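K.L.:
Going by this note's numbering, the residue at position 336 of the sequence shown is 337; the numbering climbs one at a time, nothing skipped.
Got a structure here, written out as structure tokens. Questions coming.
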Amino acid sequence: MKIIADLHVHSKYARATSPTFDLNGIAEGAKLKGIDVVATGDFTHPKYFEEIKATFGTGADIWNSGLASYAGVRFILSTEVSVIYELNGKTKKMHHVLLAPSLEIAAQINERTRKFGDIGVDGRPMLHVSSAGLVEELMQISRDIAIIPAHIWTPWFSVFGSSSGVDSIEEAFEDKADKIFALETGLSSDPLMNWMISALDKYTLVSNSDAHSKQKLGREANVFEFGNAGENDASGVTYGSLINAIKTRRGFVKTYEFYPEEGKYHYDGHRDCKVNITPWQAKEYKNICPVCRRKLTIGVMHRVADLADRKFGFKPERAVPFQHIVPLPTVIAKALKKSEAAKGVWEEYDKLIHYFGNEFAVYEAKDEQLRFATSMEISNAIIRVNKGEVKWIPGHDGVFGELVLDAEPKGKKAETVDKKQTNLAEFG
2 MKIIADLHVH
12 SKYARATSPT
22 FDLNGIAEGA
32 KLKGIDVVAT
42 GDFTHPKYFE
52 EIKATFGTGA
62 DIWNSGLASY
72 AGVRFILSTE
82 VSVIYELNGK
92 TKKMHHVLLA
102 PSLEIAAQIN
112 ERTRKFGDIG
122 VDGRPMLHVS
132 SAGLVEELMQ
142 ISRDIAIIPA
152 HIWTPWFSVF
162 GSSSGVDSIE
172 EAFEDKADKI
182 FALETGLSSD
192 PLMNWMISAL
202 DKYTLVSNSD
212 AHSKQKLGRE
222 ANVFEFGNAG
232 ENDASGVTYG
242 SLINAIKTRR
252 GFVKTYEFYP
262 EEGKYHYDGH
272 RDCKVNITPW
282 QAKEYKNICP
292 VCRRKLTIGV
302 MHRVADLADR
312 KFGFKPERAV
322 PFQHIVPLPT
332 VIAKALKKSE
342 AAKGVWEEYD
352 KLIHYFGNEF
362 AVYEAKDEQL
372 RFATSMEISN
382 AIIRVNKGEV
392 KWIPGHDGVF
402 GELVLDAEPK
412 GKKAETVDKK
422 QTNLAEFG
């Protein structure tokens, strides 16, 4: 049976997160999306950890598989931490996803991380420890803890970020780099972009939503196939089987991906100056904003081009396949030429969910099924998205990209990224 897993979300205890995004909200959103295994998020937060224990119970039999069930959804203990430290005379800031195989081990992680920062301030605590130091501390607790560098290209808080990152996993994790087996691509990059860097071939690329509300769940996700899963549910899936599938890529069917242009750090730019440009244009400007003359926010595409040693389109051996998707409300809104908040958009969304069962089932539906289930405008829009026949105003400097279904939006220039121009030799 195929299992869809979203391993990185947040809770109401994290900054800029919906106040209704607790375990109930996560479970409700997961069922709407069609997610079988979802992260608890933020287990390092003391109040939330108490809620997790109260909701699931603390009996050994509840978490004996490393996963626990609530409201028809399987949960995995997950959190994200922010590390800040000096490396070679420069300040580094990186986010890492941690997965724990049991409540007991999660509690030990919480106790251990307290010495590096106040874990009660935010669901994503800031820890004054190096990436290597964090791994060392966690491995002393359990070698079953998974450490996955989060959204690895985001400018401000990531391993390869333009603002405070580095150029290799080895540089970030030093002598603990061998404990890293997976990397999270983030919303502004997809596997095609990451395949341009040969040094990343040994890491499994995973994709998660990093959701701050139930509507954002599953905007990226992972698809596995397990022989030991229940016939109609994820009851047979264990923490160990998930981690093994990620490590070995056996049973790792594909990832669901944002179109990277939709991510809010894909291009270079300045949001206040309304400057949104390609890396090649930024290079011509010497990475200086042509309006305010300050340094541009260097986006993900630029950083990938900096580190690339292959042309776009190369596919490594054993690469996990992927499928681009766009959140269904976005597609419906564009098809109807309405705001995503419009009542009519959500009425059409509800109709599709009622017909197909969940959002991922819509992405997998055949063209004729879509045409039967909804209007011509909406079905055609979904089919175009599934086939990649869309354009984007790419995201930049914290502004999400905009889907373009019309030939040209009023007052805006629509363009797709020229992905043929992604050879490092051309960029360097």
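Note that CB positions come from ideal geometry on N, CA and C, so glycine has one too.
Here the structure is a predicted model, which is why all the values come from computation and not from measurement.
So what's Arg115 in DSSP terms, helix, strand or just coil?
P.N.:
Helix.
K.L.:
Starting from the N-terminal side, write out each stretch of the alpha helix (DSSP H) that is 4 residues or longer and does not extend beyond the region 150-215.
P.N.:
With a minimum length of 4 residues, the continuous alpha helix (DSSP H) runs that stay inside the region 150-215 are 170-174, 192-195.
K.L.:
Curious, which full-length beta strand (DSSP E) runs of at least 3 residues does the region 324-407 contain?
P.N.:
Segments of the beta strand (DSSP E) lying fully in the region 324-407: 392-394, 403-405.
K.L.:
Buried or exposed: which applies to Gly60, given that a residue is buried once 16 or more other Cβ atoms fall within 10 Å of its Cβ?
P.N.:
The residue is exposed, with fewer than 16 neighbouring Cβ atoms inside 10 Å.
K.L.:
By how many angstroms is the C-alpha of Gln109 removed from the C-alpha of Trp347?
P.N.:
Spanning the two alpha carbons is a distance of roughly 43 Å.
K.L.:
My assumption, with CB atoms under 8 Å, is that Val301 sits in contact with Ser189. Please give the rounded CB distance.
P.N.:
Right, their Cβ atoms sit about 4 Å apart.
K.L.:
Give me the Cα-Cα distance between Leu308 and Tyr71, rounded to the nearest whole angstrom.
P.N.:
Approximately 43 Å, taken between the alpha carbons.
K.L.:
Buried or exposed for Lys414, going by 16 or more other Cβ atoms inside 10 Å?
P.N.:
Residue confidence for Lys414 is low, a pLDDT of 49 falling below 50, so the modelled location carries little weight and cannot support an answer.
K.L.:
Any beta-carbon of chain E closer than 8 Å to the one on Leu193?
P.N.:
Protein chains in the displayed structure number just one, and chain E is not present.
K.L.:
Given Pro192, which residues of its chain have a CB within under 6 Å of its CB, disregarding the five upstream and five downstream residues?
P.N.:
For Pro192, where only same-chain residues beyond five positions count, the Cβ hits under 6 Å are Leu206, Phe323.
K.L.:
Helix, strand or coil for Ser242, going by three-state DSSP, please let me know.
P.N.:
Reduced to three states, the DSSP call for Ser242 is helix.
K.L.:
Residues in the same chain with beta-carbon distance under 8 Å from Met140, minus the five sequence neighbours each way, listed in chain order, please.
P.N.:
Closer than 8 Å at Cβ, skipping near neighbours: Ile146, Lys177, Lys180.
K.L.:
Specify the secondary structure class of Gly231 as computed by DSSP and reduced to three states.
P.N.:
Only weak support exists for where Gly231 lies, its pLDDT of 49 falling under 50; the coordinates are left without a value.
K.L.:
May I ask which residues mark the beginning and end of the alpha helix (DSSP H) holding Asn25?
P.N.:
Segment 24-34, the alpha helix (DSSP H) holding Asn25.
K.L.:
Which residues in the same chain have their Cβ closer than 6 Å to the Cβ of Arg304, if we skip the five residues on either side of it in sequence?
P.N.:
Contacts found: Trp154, Phe161, Ser163.
K.L.:
So for Glu87, helix, strand or coil by DSSP?
P.N.:
The answer is strand: DSSP assigns Glu87 an E or B state.
K.L.:
Considering only C-alpha positions, which residue in the set Asn25, Glu105, Gly228 is nearest to Leu78?
P.N.:
Among Asn25, Glu105, Gly228, the Cα nearest to that of Leu78 belongs to Glu105.
K.L.:
Taking Lys94 and Phe174 to be in contact with their CB atoms under 8 Å, please state how far apart those CB atoms are, rounded to whole angstroms.
P.N.:
About 15 Å separates the two Cβ atoms, so there is no contact after all.
K.L.:
What residue does the beta strand (DSSP E) around Ser70 start on, and which one ends it?
P.N.:
Here the beta strand (DSSP E) through Ser70 covers 68-71.
K.L.:
According to the neighbour-count rule (16 or more other Cβ atoms, all chains shown, within 10 Å of its Cβ), is Pro395 buried or exposed?
P.N.:
Per the 10 Å Cβ criterion, buried.
K.L.:
Around the Cβ of Phe373, are there at least 16 other Cβ atoms within 10 angstroms (buried) or fewer (exposed)?
P.N.:
Its Cβ having fewer than 16 others within 10 Å, Phe373 is exposed.
K.L.:
What residue does the alpha helix (DSSP H) around Val305 start on, and which one ends it?
P.N.:
Val305 -> alpha helix (DSSP H) spans 301-308.
K.L.:
So what's Glu262 in DSSP terms, helix, strand or just coil?
P.N.:
Helix.
K.L.:
What distance in whole Å lies between the Cβ atoms of Ser208 and Glu185, which are believed to be in contact at a cut-off of 8 Å?
P.N.:
Their Cβ separation, rounded to whole angstroms, is 7 Å, which keeps Glu185 and Ser208 in contact under 8 Å.
K.L.:
How long is the line joining the alpha carbons of Val10 and Ala212, rounded to whole angstroms?
P.N.:
If I take the Cα positions, the gap works out to 5 Å.
K.L.:
Quick check on Pro20: buried or exposed, where buried means 16 or more other Cβ atoms within 10 Å of its Cβ?
P.N.:
With fewer than 16 Cβ atoms within 10 Å of its Cβ, Pro20 is classed as exposed.
K.L.:
What is the DSSP secondary structure of Ala17, reduced to helix, strand or coil?
P.N.:
Ala17 falls in the coil class under three-state DSSP.
K.L.:
Flag this pair as yes or no: are the beta carbons of Val238 and Leu8 separated by less than 8 Å?
P.N.:
No, the pair does not count as a contact, with Cβ atoms beyond the cut-off.
K.L.:
Under the rule that 16 or more other beta-carbon atoms within 10 Å means buried, what is Ile289, buried or exposed?
P.N.:
Answer is exposed; the Cβ neighbour count stays below 16.
K.L.:
Could you give the DSSP three-state label for Thr298: helix, strand or coil?
P.N.:
Strand at Thr298.
K.L.:
Residues in the same chain with beta-carbon distance under 6 Å from Tyr260, minus the five sequence neighbours each way, listed in chain order, please.
P.N.:
Only His325 meet the Cβ criterion.
K.L.:
Going by C-alpha distance, which of Lys388, Ala28, Gly124, Phe117 is nearest Ala17?
P.N.:
Here the closest residue by C-alpha is Gly124.
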